[in-house]
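**Q** In our numbering, the protein residues as written are 1 to 71. Using N, Cα and C, we set each Cβ at its ideal position, and we do this for glycine too. Just so we're clear, the structure is a prediction, and the values are computed from it rather than from any experiment. Attaching a single structure in structure tokens format; questions to follow.
Here it is, written out as structure tokens:
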């Protein structure tokens, strides 16, 4: 990258500001949770004929845990 000499300090300041903003927040941690508790086989044939979406499986009825939270 060819920077005109008078642009170099502004570019350096922008990089320092970006780094400061990237690392300024508190450390974040994620908690794992189970969205639904179901074990099932999902084959290529299931994916090819899945409705309404070929990339998502719909779990309904008896496959869902009856004791799951409702809210």
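(1) Classify residue 25 as helix, strand or coil using the three-state DSSP reduction.
(2) Which two residues bound the contiguous alpha helix (DSSP H) that contains residue 31?
(3) Give the straight-line distance between the Cα atoms of residue 15 and residue 29, rounded to the nearest whole angstrom.
**A** Short version:
(1) Stepping through the chain shown from its first residue, residue 25 is reached at position 25. Coil, per DSSP.
(2) Position 31 of the chain shown, counted from the start, is the residue given in the question as residue 31. Residue 31 -> no alpha helix (DSSP H), and no H or E assigned at all.
(3) Taking the chain shown and counting its residues from 1, the one referred to as residue 15 is at position 15. Taking the chain shown and counting its residues from 1, the one referred to as residue 29 is at position 29. Each residue's alpha carbon lies about 26 Å from the other.
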